[in-house]
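Trainee: Per my numbering, the sequence shown starts with residue -8, numbered consecutively.
Just so it is clear, CB atoms sit at the ideal spot from N, CA and C, and this is done for glycine as well.
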Amino acid sequence: MDFNQVYDQMKRAAGALGRAEKVLSPDRRSRVASEESALFHKIDPSLAPDFPLLLSVCGGGNSGKSTLVNSLIGESVAPTGGTAGLTRRGLICGHPELWQTPAFCQSLFHCFPESPKRMECADDLLTPGTPVFVESTRLPRNLLILDTPDFDTGARSSYTNRSLATPILEASHVLIYVFTNANYANKDNTDFLRERLHEIGTREIILVYRVSPALDDETVSRHLSEVAGNLYVNGQADHIKGFYRTDESNEVVAGDESMRLRPVGSSPEMSSLFKSLDPRAIRQSQSMSAVAHFLDEADKERARLDRSREHLEIYRNACLIACGRAVLSSLRLFPQEAILERVQQHYAETAPPLVRYLRTPGKKVRQVTGRVRAWMPKRRKNSDKAVSQELLKSVQSAANEFYRHLCAEQIVTTASLTDPDGRALYEKVRRLSNLPNPEGAPKPSVEGPNGDNELRLTVPRHPAVNDLVQEMQTVNVEERLAKIKEEALRVLKVPENPLTAFDREFDRELRHLVLENRQNLSMIKRFSEYLFALADMGLVSGALTYVVFTGDIVSATAAGSAKVTGLFGLNDLAALLVFPAQAKLGQFERHFLSDLLQKWLNDRVQRVQQIFDRHLSGSFISTCGKRFQEADEALSEVGDALEEIKEEACHVAK
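(1) Please list, in chain order, all residues of the same chain as His302 whose beta carbon is under 6 Å from its beta carbon, the five residues on each side excluded.
(2) Do Ala389 and Ser321 count as a contact pair if the criterion is CB distance below 8 Å?
(3) Under the rule that 16 or more other beta-carbon atoms within 10 Å means buried, what is Glu304, buried or exposed?
(4) How would you write the range of the beta strand (DSSP E) that Phe170 sits in, first residue to last?
(5) Note down, in chain order, each residue of its chain lying with its Cβ closer than 8 Å to the Cβ of Val599, except the 5 sequence neighbours on either side.
(6) Report the three-state DSSP secondary structure of Phe611 (helix, strand or coil).
(7) Check each candidate in His164, Asp443, Lys476 and Arg422 and name the one with the smallest Cα separation from Glu381.
(8) Let me know the alpha helix (DSSP H) ranges lying completely inside the segment 389 to 449, each 4 residues or longer, listed in chain order.
(9) Does the separation of the CB atoms of Thr171 and Val202 fall below 8 Å?
(10) When you compare only the Cα positions, how much space is there between Phe42 and Leu135?
(11) Please state whether DSSP places Gly256 in a helix, a strand or coil.
(12) By Cβ distance, which residues of its chain are closer than 8 Å to Gln464, with the 5 residues on each side in sequence left out?
(13) Using 8 Å for Cβ pairs, my map puts Asn686 next to Leu416. What's the rounded Cβ distance?
(14) When you compare the segment 55 to 68 with the segment 118 to 129, are there three or more beta-carbon pairs, one atom per stretch, that lie closer than 8 Å?
(15) Would you grab the beta carbon distance between Ile273 and His164 for me? Rounded to a whole angstrom, and I think it's under 8 Å.
(16) From Ala632 to Thr614, what does the alpha carbon distance come to, in whole angstroms?
(17) Any idea what DSSP makes of Ser249, helix, strand or coil?
(18) Quick one: what does DSSP say Tyr200 is sitting in, helix, strand or coil?
(19) How should Arg618 be labelled, buried or exposed, when 16 other C-beta atoms within 10 angstroms of its C-beta is the threshold for buried?
(20) Could you give the first and the last residue of the continuous alpha helix (DSSP H) run that contains Arg323?
(21) Have a look at Ala313, Asp179, Val403 and Leu45 and flag the residue whose alpha-carbon is nearest the alpha-carbon of Leu268.
(22) With 16 other CB atoms within 10 Å as the buried threshold, where does His214 fall?
(23) Smallest Cα separation from Glu260: which of Thr237, Glu340 and Gln275?
(24) Please state whether DSSP places Val125 in a helix, a strand or coil.
(25) Please report the residue range of the alpha helix (DSSP H) in which Gly52 lies.
(26) Quick check on this structure: which residue in Phe183, Glu209 and Asp458 has the alpha carbon closest to the alpha carbon of Phe611?
(27) Can you check which of these residues, Ile636, Arg293 and Tyr235, is closest to Gly9 by C-alpha distance?
(28) For Ala11, which option in Gln620, Cys641 and Ala640 has the closest C-alpha, if you only look at C-alpha atoms?
(29) I need the DSSP call for Cys84, collapsed to helix, strand or coil.
(30) CB-CB under 6 Å to Arg3, same chain, minus the five flanking residues each way: which ones, in chain order?
(31) Val60: buried (16+ other C-beta within 10 angstroms of its C-beta) or exposed?
(32) Just grab the DSSP bridge partners of Gly233 for me.
(33) Whose C-alpha, out of Ile191, Glu340 and Phe265, is nearest the C-alpha of Ala283?
(34) Restricting to Cα atoms, I'd like to know which of Ala113, Leu117 and Leu130 is closest to Glu88.
(35) Measuring straight from C-alpha to C-alpha, what distance separates Arg422 and Ala432?
(36) Beta-carbon separation of Arg194 and Pro140 under 8 Å?
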């Protein structure tokens, strides 16, 4: 395995997870990214065969750790005595040549805030701080012995030295766990050590049991096996390299004699065990274990963030649907009849001369209709003015309703299974609702479909937009709504008297659409117009009705439908062109007007949507989209990095 490459990919994956976390959960930092020091130090960049192996002597207070260290190096350097917690920092013993290697400390102790310093006197060990080292020619060049602070001084939840012991255990390759007959069954100690092993990866362990000489070997072996079982489960007992006992002795405690270690069972002599340890193989094994642990943690984090990413995508799409419905709702009161009649007038005026001649009877009928309308000027004016005012009110009301949607704790809207966007959103909501959610966060839900294939979607606000909602709530809503109304007045160009007075620009637009449609007619359709004109099927009256998603459907003879395109989730929500039976429109006229008005209606819908985007939702929804894209790209990078690591690990496994 190329551990340098693996290390780089781990950093790449953790960095990308951190970026995704920053977007999706700004108040919660990625578990993998926040534990970077606890993950990356496990990939030892120094795998040369002659690189030293670090053996850490660990255990509870008064278990004999410092006495064992003094015995192994052949001199009294670590403080001993009957007081628990004397050693407050790590003491590292190694051959003098090791400390002269420039990259040695940086490579081996990169998990420490600072590299070890030379110990000036034994009292240095009595205060917390950076580990210190002493030189010992009795130790081989490829072996270091490290005395650690005990990890049971104090009380549960407030142990004094555990924070000091943890980084030392993380840097170690082999642990010598020392315990006594008084604390061998102390589950709190073994639980702490087992948890650290889970975090930092597997470590080879040597067990040393300090016990009364009166205790027989069978009992000692049973106690040692019990401790081994508490440290390693699930078939990991092979990481226990040896069982040893050392008998209680007043001379040893007083420092007059060295601690004597006796193998228990089939364990070799301690000196032979040290010689049999392969530093490179041990580090490689531990690095593989660390990689496996990293992959497991990163996969869990990626799965959690991926669920959050899908939630953000669903929330954004629900906002888009809610915006589309608000746009269509705002146009419910548009003066469709007047516009349809004016379009028909342009249609008749731009017809070829022969067609106009054949339709002369229809023209006379329209003239009579116009005179009848002229008899009721007051009623018409008041009615038309009310329509104009009500239309602008409906635009403002729809915008206000949509604003409340965006600021709410959840978006509640409807979609349709017959629409591709609606069906895709429905499938995503169903999939996300079925995924496990260990954190218990609210999830999107869906009700339906009903008999009309309509769905009711409830999407909780995503944490990624909390700042956007807060920003939106600080602006002057009334000012925004006033701007929407002002621009809607210019865009929709609703005249005070729409049945008689059309804005010139607006009228030119209608005429241009008619001419454009005529130019695009095929030869067959041009000929058809002559044929239908023979029947003199003139327009007496007409009506154009928007069927928005509020159930405002007009019961009439539908000639066709103009689909509202460009609004997410509304591709099947038709603005129906409804021509009453008494309209007496010919088949050609119906087809021509349907095509023409479809373009015009879609254009008006898009213009109103642009107003909503500009003054209300544009920045909100676009920022949602950008954040989703950022998270999606980061998680994609995580996937690529993890695949690289897994592929490299597979080569080693083969």
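Mentor: Here's the rundown:
(1) Counted from its first residue, the sequence shown places residue 302 at position 311. Here the set comprises His453.
(2) The count along the sequence shown starts at 1 and reaches residue 321 at position 330. The count along the sequence shown starts at 1 and reaches residue 389 at position 398. Contact flag set, yes.
(3) The count along the sequence shown starts at 1 and reaches residue 304 at position 313. So Glu304 ends up on the buried side.
(4) Against the sequence shown, residue 170 aligns to sequence position 179. Note, Phe170: beta strand (DSSP E), Val165 to Thr171.
(5) As a working note, residue 599 is residue 608 in the sequence shown. Excluding positions up to five away in sequence, the list reads Val318, Ser321, Leu322, Val386, Ala479, Val482 and Leu483.
(6) Counting from 1 along the sequence shown, the entry for residue 611 is found at position 620. Correct three-state label for Phe611: helix.
(7) For the purposes of this step, residue 381 is taken as residue 390 along the sequence shown, with counting starting at 1. Closest by alpha carbon: Lys476.
(8) 411 to 425
(9) By 1-based counting over the sequence shown, the position of residue 171 is 180. By 1-based counting over the sequence shown, the position of residue 202 is 211. For Thr171 and Val202, yes; Cβs fall inside 8 Å.
(10) Along the sequence shown, read from residue 1 onward, the residue named residue 42 stands at position 51. Along the sequence shown, read from residue 1 onward, the residue named residue 135 stands at position 144. Taking the CA atoms as reference points, Phe42 sits about 10 Å from Leu135.
(11) Start at 1 with the first residue of the sequence shown, and residue 256 comes out as number 265. It is coil, neither helix nor strand.
(12) The residue labelled residue 464 in the question sits at position 473 within the sequence shown. Result list for Gln464: Cys398, in chain order.
(13) Residue 686 lies beyond the residue range present for the chain, which begins at -8 and ends at 645; the question has no answer from this structure.
(14) yes
(15) Translated into the one-based positions of the sequence shown, residue 273 becomes position 282. Translated into the one-based positions of the sequence shown, residue 164 becomes position 173. With a Cβ gap of about 5 Å, Ile273 and His164 count as contacting.
(16) Position 641 of the sequence shown, counted from the first residue, corresponds to residue 632. Position 623 of the sequence shown, counted from the first residue, corresponds to residue 614. If I take the Cα positions, the gap works out to 27 Å.
(17) By one-based count along the sequence shown, residue 249 stands at place 258. Looking at Ser249 - three-state DSSP - the assignment turns out to be coil, as it is neither helix nor strand.
(18) As a first step, residue 200 is located in the sequence shown; it is residue number 209 there, counting from the start. Correct three-state label for Tyr200: strand.
(19) Stepping through the sequence shown from its first residue, residue 618 is reached at position 627. Arg618 is buried by the Cβ-count criterion.
(20) The residue labelled residue 323 in the question sits at position 332 within the sequence shown. Segment: none, Arg323 is in no alpha helix (DSSP H) and carries neither H nor E.
(21) Sequence index remark: in the sequence shown, residue 268 carries index 277 (1-based). Nearest option by C-alpha distance: Leu45.
(22) Within the sequence shown, numbered from 1, the residue matching residue 214 stands at position 223. His214 is buried by the Cβ-count criterion.
(23) The sequence position of residue 260 within the sequence shown is 269, counting from 1. Answer by Cα proximity: Thr237.
(24) For the purposes of this step, residue 125 is taken as the residue at position 134 of the sequence shown. The answer is strand: DSSP assigns Val125 an E or B state.
(25) On the sequence shown, residue 52 is found 61 positions in, with the first residue counted as 1. From DSSP, Gly52 is part of no alpha helix (DSSP H); its letter is neither H nor E.
(26) Stepping through the sequence shown from its first residue, residue 611 is reached at position 620. If we check each option's Cα against that of Phe611, Asp458 comes out closest.
(27) The sequence position of residue 9 within the sequence shown is 18, counting from 1. Among Ile636, Arg293 and Tyr235, the Cα nearest to that of Gly9 is on Arg293.
(28) As a first step, residue 11 must be located in the sequence shown, where it is residue number 20. Here the closest residue by C-alpha is Gln620.
(29) The residue given as residue 84 occupies position 93 in the sequence shown. In this structure, DSSP gives Cys84 an extended state, which the three-state scheme calls strand.
(30) Mapped onto the sequence shown, residue 3 falls at position 12. Cβ within range, chain order: Ala632.
(31) Taking the first residue of the sequence shown as 1, we reach residue 60 at position 69. Answer is buried; the Cβ neighbour count reaches 16.
(32) Walking along the sequence shown from the start, residue 233 turns up at place 242. In the DSSP output, where bridge partners are listed per residue, Gly233 has Ile197.
(33) Position 292 of the sequence shown holds residue 283. Comparing Cα-Cα distances from Ala283 to each of Ile191, Glu340 and Phe265, the minimum goes to Ile191.
(34) Working through the sequence shown from its first residue, we reach residue 88 at position 97. Comparing Cα positions, the closest option is Leu130.
(35) Within the sequence shown, numbered from 1, the residue matching residue 422 stands at position 431. Within the sequence shown, numbered from 1, the residue matching residue 432 stands at position 441. Using only the alpha carbons, I get a separation of about 16 Å.
(36) The residue given as residue 194 occupies position 203 in the sequence shown. The residue given as residue 140 occupies position 149 in the sequence shown. No, the pair does not count as a contact, with Cβ atoms beyond the cut-off.
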